[in-house]
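Trainee:
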Amino acid sequence: MDAEVQHHHPLPAEPQRCEALQAALDLIDQGIILVDKDLKLVAWNRCFLRLFDFPPEMAYPGAPVESFIRYNALRGEYGPGDPKQQTAERVAVARSFQEYEIERIRPNGTVLSVRGLAVPGRGLMTFYSDVTEARHREALIREQNAWLEARVAERTAELLQTNAHLRQALEHNEAIALSLVRSEGRMRLITDSIPALLAYFGHDRHYHYVNRGYRDWFGIDPSKPETIKARAFLGEDTYSRIRPYVMQAIRGSAVTFEYEVQTVHRGLRVARTSLIPETSPQGEVVGCFELTFDVTDERLAHDRMAQAQKMEALGLLTGGLAHDFNNILAVVQGNLTALAEIPALSPYLNDYLKPALDAALRGSHLIRGLLSFARKHPLSSRVEDLNLCLARTATLLRGVLPDSLSFVTEPWPQPLFVCLDPNQLQDALLNLALNARDATGGKGRITIRCSQVTLGPEAAAKLDLAAGQYARISVEDDGCGMDQLTMDRVFEPFFSTKAPGQGSGMGMAMVYGFVQQSAGAIELRSQVEQGTTVSLFFPLPGSVTLPADPVDAPSLAPEIPSEGRRGLALLVEDDPGLRQLLRRELLDIGFSVIEAENGAEALDLIDHTQGIELLLSDVVMPGSIDGLQVVAHARAKGSIPRIVLMSAFVPNRAVAAEVPFLQKPFSRAELQLALSSARP
1 MDAEVQHHHP LPAEPQRCEA LQAALDLIDQ GIILVDKDLK LVAWNRCFLR LFDFPPEMAY
61 PGAPVESFIR YNALRGEYGP GDPKQQTAER VAVARSFQEY EIERIRPNGT VLSVRGLAVP
121 GRGLMTFYSD VTEARHREAL IREQNAWLEA RVAERTAELL QTNAHLRQAL EHNEAIALSL
181 VRSEGRMRLI TDSIPALLAY FGHDRHYHYV NRGYRDWFGI DPSKPETIKA RAFLGEDTYS
241 RIRPYVMQAI RGSAVTFEYE VQTVHRGLRV ARTSLIPETS PQGEVVGCFE LTFDVTDERL
301 AHDRMAQAQK MEALGLLTGG LAHDFNNILA VVQGNLTALA EIPALSPYLN DYLKPALDAA
361 LRGSHLIRGL LSFARKHPLS SRVEDLNLCL ARTATLLRGV LPDSLSFVTE PWPQPLFVCL
421 DPNQLQDALL NLALNARDAT GGKGRITIRC SQVTLGPEAA AKLDLAAGQY ARISVEDDGC
481 GMDQLTMDRV FEPFFSTKAP GQGSGMGMAM VYGFVQQSAG AIELRSQVEQ GTTVSLFFPL
541 PGSVTLPADP VDAPSLAPEI PSEGRRGLAL LVEDDPGLRQ LLRRELLDIG FSVIEAENGA
601 EALDLIDHTQ GIELLLSDVV MPGSIDGLQV VAHARAKGSI PRIVLMSAFV PNRAVAAEVP
661 FLQKPFSRAE LQLALSSARP
């Protein structure tokens, strides 16, 4: 084997290569030392001396490791204690030649990662990494990516440390060939075990070395690097895209770039490659080191986070718009209703007032869709069998889907219980099925199936869910499908591929909001001309905390007092137009009315006004005091028998307040019902 290696690597060329490899090692910022079995220094790099502020003259071949330990102990590196005892303890540990990995904090606050690897029969390799900044960034990186990068850093350090051993071989002319053979063997062992692709190619762009990663990715033989052509294993298209970066590296500039590449076992992957030029003493580029990582999962995580942030921003925007427009619609709808009840205006009812009322009602439905997307629409969740929900929805769909379209349902063989709002689920399935009908042109096939699935850590992470058992209901069609641009925007409010007037663009947004609000997730799979599958995942009751049983509805209060027993009402609403409308409604019912436009005014009126019979308060108001705090204050006083809350959307805390709640906009009949159900 030695003879074979010497044949392929002539002695005069090896020192130059070792010097180049050592020079590359000295450029990295990770400390490396190699000691023999007598704890004598064999090899080191500049970063090791710099990390510990060791004087350069301390490092020389054969220097005892004990001298470095004693130097550290004397300057207090190991904390308070006897330097002799500290030195002896650490020398004893080193003599055990046990593999270890620790982190320590230097007195100056630098955090070092220290790892020792036993070299059987030879000694001990130790790696020192300054991980101070990395520890500060860990909270910002996903655990899986951090683990992967740490493993890659550790394995790469092993490769560089092995190469450092070549420098020692240069100082012993009689053992040059043997040292090179041993070093290359260790290098191959280490580089083949790290989760990355490592290679070296010359200025002529011919490979001199590749690790086993190239075999795993592309099925090529790493033992014959001279036969490997990048154009062949990458493909003409991919090679043409990365060639400018290769040429830039050949001209002497280090580059890092990302690209998609087809692998033999794992399909299409996203790769990140760094090319580091190697220069001769004369400054000429003689070759390049190549380091490639699989960053597919990292890219997916980044894209998923960006999408989640975009949807969250849209949710905040639509929630705020819905709140304000609900107040506007409440004023419009309430005043139009009042006008419609005036007998003198009855000739104008059908031509003017009714169309305006219908438009206001459509606006109200649109706002409810926005609230659903923003996850601020109230859900009436309960434990339901998903199969029964599918059966009820299928009955409705068979009445609206054309006979030319094949419609199939596939329930799960056993009951599949989930906690959700069945009405919202029915609306979601109707939206998805009607979209599928349009995608097929009414002549294809639609299948809705229920199933129970187990999501492992990787599959669950892609859906931003915890690993475990889930119920899945999927709507599948064989229609026109969607391109990637459409899929990226399909859940945005008002986005639609249909012609103007054929859809509001809120259907998929409402489905998204409902699923997110139900602690579930959506998976969208589609290809142009190959159909679409939309899957909704919901946690099974055993994997989530079920909501508490509904609080028994309080017994209805007596009807609103008849004339002669009407009382005083406190109306708390910040919108002047809506406050004026509600004041008129309360006066028509028979209450006397006092008003407050914010929470602070309401508290003052509660404290200084006697005989208040009714508190009707908005939830969201300007200032530091909201409607829930007003209700809590009124309950503490105990002098107001009837309390009703109202808002454009239902905060969770409002539900917990256990008082009648009105969602804006509401009619006079809904107001009267809420007042009659308020606790006396």
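Residue numbers (the UniProt record's numbering): 1 to 680. For each residue, glycine too, the CB sits at the ideal point set by N, CA and C.
Find the nearest neighbour of residue 531 within the set 446, 583, 68 and 160, judged by alpha-carbon distance.
Mentor: Within the sequence shown, the letter at position 531 stands for residue 531. Considering only alpha carbons, the answer is 446.
Trainee: Have a look at residue 529 and residue 221 and give me their C-alpha separation to the nearest angstrom.
Mentor: Locating residue 529 in the sequence shown gives position 529, where the first residue counts as 1. Locating residue 221 in the sequence shown gives position 221, where the first residue counts as 1. Whole-angstrom Cα-Cα distance: 39 Å.
Trainee: For the 8 Å Cβ check, are there 3 or more pairs between the region 420-437 and the region 455-469?
Mentor: Cβ pair count under 8 Å is below three, so no.
Trainee: Terminal residues of the continuous beta strand (DSSP E) containing residue 592?
Mentor: Indexing the sequence shown from 1 puts residue 592 at position 592. Run containing residue 592: 592-596, per the beta strand (DSSP E) assignment.
Trainee: Kindly identify the DSSP beta-bridge partner or partners of residue 382.
Mentor: For the purposes of this step, residue 382 is taken as residue 382 along the sequence shown, with counting starting at 1. Answer is 420, bridged to residue 382.
Trainee: Let's test the definition: count the other Cβ atoms within 10 Å of the Cβ of residue 251 and tell me whether it reaches 16, buried, or not, exposed.
Mentor: Along the sequence shown, one-based indexing puts residue 251 at 251. Flag for residue 251 reads exposed.
Trainee: In whole angstroms, what separates the C-alpha of residue 585 from that of residue 442?
Mentor: For the purposes of this step, residue 585 is identified with residue 585 of the sequence shown, where counting begins at 1. For the purposes of this step, residue 442 is identified with residue 442 of the sequence shown, where counting begins at 1. C-alpha separation (whole angstroms): 49 Å.
Trainee: Apply the 10 Å Cβ neighbour rule to residue 421 and answer buried if 16 or more other Cβ atoms are within range, or exposed otherwise.
Mentor: On the sequence shown, residue 421 is found 421 positions in, with the first residue counted as 1. That one is buried.
Trainee: Residue 591: which of 267, 34 and 571 sits nearest, CA to CA?
Mentor: Mapped onto the sequence shown, residue 591 falls at position 591. For the residues 267, 34 and 571, the minimum Cα distance to residue 591 belongs to 571.
Trainee: Is residue 448 near the ligand SAH, going by C-beta to nearest heavy atom under 7 Å?
Mentor: By its list of ligands, the structure shown contains no ligand whatsoever, and the ligand SAH lies outside what it can speak to.
Trainee: Below 8 Å on the Cβ atoms is my guess for residue 681 versus residue 96; work out the distance and round it to an integer in Å.
Mentor: No answer is possible for residue 681: it lies beyond the span of the chain, which begins at 1 and ends at 680.
Trainee: So, at 7 Å on beta carbons, what are the nonlocal neighbours of residue 671 in its own chain, with the 5 sequence-adjacent residues on each side left out?
Mentor: Along the sequence shown, read from residue 1 onward, the residue named residue 671 stands at position 671. Closer than 7 Å at Cβ, skipping near neighbours: 585 and 662.
Trainee: Taking all protein chains shown into account, decide if residue 484 is buried (16 or more other Cβ within 10 angstroms of its Cβ) or exposed.
Mentor: By 1-based counting over the sequence shown, the position of residue 484 is 484. Residue 484 comes out exposed.
Trainee: Which of the three DSSP states, helix, strand or coil, is assigned to residue 444?
Mentor: Start at 1 with the first residue of the sequence shown, and residue 444 comes out as number 444. Coil, per DSSP.
Trainee: In terms of alpha-carbon separation, which member of 522, 444, 382 and 417 lies closest to residue 423?
Mentor: Taking the sequence shown and counting its residues from 1, one reaches residue 423 at position 423. Ranking 522, 444, 382 and 417 by Cα distance to residue 423 puts 382 first.
Trainee: Pull up the distance between the alpha-carbon of residue 543 and that of residue 416, whole angstroms please.
Mentor: To locate residue 543, count along the sequence shown from 1; it is residue 543. To locate residue 416, count along the sequence shown from 1; it is residue 416. Reliability of the predicted coordinates at residue 543 is poor, the pLDDT of 45 falling under 50, and no value is obtained from them.
Trainee: Counting only the same chain and skipping the five closest in sequence on each side, list residues whose C-beta sits under 8 Å from that of residue 569.
Mentor: Along the sequence shown, one-based indexing puts residue 569 at 569. Cβ within range, chain order: 586, 591, 592, 593, 594, 612, 613, 614, 615 and 616.
Trainee: For residue 257, which residues of its own chain have a beta-carbon under 8 Å away from its beta-carbon, when the five flanking residues on both sides are left out?
Mentor: As a position in the sequence shown, residue 257 is number 257, starting the count at 1. The residues are 242, 245, 272 and 273.
Trainee: Nearest by alpha-carbon distance to residue 259: which of 520, 249, 630 and 270 is it?
Mentor: For the purposes of this step, residue 259 is taken as residue 259 along the sequence shown, with counting starting at 1. Comparing Cα positions, the closest option is 270.
Trainee: Give every residue of the same chain whose Cβ lies closer than 8 Å to the Cβ of residue 268, excluding the five residues on either side of it in the sequence, and list them in chain order.
Mentor: The residue given as residue 268 occupies position 268 in the sequence shown. Same-chain partners within the cutoff: 260, 261 and 262.
Trainee: Compare the C-alpha of residue 66 against each of 56, 38, 467 and 43 and name the closest.
Mentor: Position 66 of the sequence shown, counting from 1, holds the residue named residue 66. The option with the nearest alpha carbon to residue 66 is 38.
Trainee: Determine the DSSP secondary structure at residue 199, reduced to helix, strand or coil.
Mentor: Residue mapping note: residue 199 aligns to position 199 of the sequence shown, counting from 1. Here residue 199 sits in strand by DSSP.
Trainee: Leaving out five residues before and five after residue 16 in sequence, what residues of the same chain have Cβ atoms less than 6 Å from its Cβ?
Mentor: Indexing the sequence shown from 1 puts residue 16 at position 16. Here the set comprises nothing.
Trainee: Would you give the residue range spanned by the beta strand (DSSP E) that residue 279 belongs to?
Mentor: Along the sequence shown, read from residue 1 onward, the residue named residue 279 stands at position 279. Note, residue 279: beta strand (DSSP E), 267-279.
Trainee: For residue 582, count neighbouring Cβ atoms within 10 angstroms of its own Cβ and tell me buried if that reaches 16, exposed if not.
Mentor: Reading the sequence shown from its first residue, position 582 is the one you call residue 582. Its Cβ being crowded by 16 or more others within 10 Å, residue 582 is buried.
Trainee: Here's the rule I'm using: 16 or more other beta-carbon atoms within 10 Å means buried, otherwise exposed. How should residue 123 be labelled?
Mentor: On the sequence shown, position 123 is the one that residue 123 refers to. Result: buried.
Trainee: Assign residue 373 to one of three DSSP states: helix, strand, or coil.
Mentor: Residue numbering aside, residue 373 sits at position 373 when the sequence shown is read from its first letter. Bear in mind that a pLDDT of 46 at residue 373, under 50, signals an unreliable position, so the model cannot answer this.
Trainee: If we require 4 or more residues per run, which alpha helix (DSSP H) segments fall completely within the region 599-666?
Mentor: Segments of the alpha helix (DSSP H) lying fully in the region 599-666: 599-608, 627-637 and 652-656.
Trainee: For residue 276 and residue 47, what's the separation of their Cα atoms in angstroms?
Mentor: Working through the sequence shown from its first residue, we reach residue 276 at position 276. Working through the sequence shown from its first residue, we reach residue 47 at position 47. Distance between the alpha carbons of residue 276 and residue 47 is about 19 Å.
Trainee: Who are residue 207's beta bridge partners in DSSP?
Mentor: By one-based count along the sequence shown, residue 207 stands at place 207. 201, per the DSSP bridge assignment.
Trainee: Rounded to the nearest angstrom, what separates residue 628 and residue 386 at their Cα positions?
Mentor: To locate residue 628, count along the sequence shown from 1; it is residue 628. To locate residue 386, count along the sequence shown from 1; it is residue 386. Those two C-alpha atoms are separated by around 35 Å.
Trainee: Given that a residue counts as buried once 16 or more other Cβ atoms are within 10 Å of its Cβ, and exposed if not, what is residue 342?
Mentor: Counting from 1 along the sequence shown, the entry for residue 342 is found at position 342. The residue is exposed, with fewer than 16 neighbouring Cβ atoms inside 10 Å.
Trainee: Going by the DSSP bridge assignment, what does residue 102 pair with across the sheet?
Mentor: Position 102 of the sequence shown holds residue 102. Answer is 114, bridged to residue 102.
Trainee: Could you check where the beta strand (DSSP E) with residue 126 kicks off and where it finishes?
Mentor: Indexing the sequence shown from 1 puts residue 126 at position 126. First-last of the beta strand (DSSP E) with residue 126: 123-130.
Trainee: By DSSP, does residue 577 sit in helix, in strand, or in coil?
Mentor: Within the sequence shown, numbered from 1, the residue matching residue 577 stands at position 577. Correct three-state label for residue 577: helix.
Trainee: Mind checking who residue 238 pairs with in its DSSP beta bridge?
Mentor: As a working mapping, residue 238 is identified with position 238 in the sequence shown. According to DSSP, which records beta bridges pairwise, residue 238 is partnered with nothing at all.
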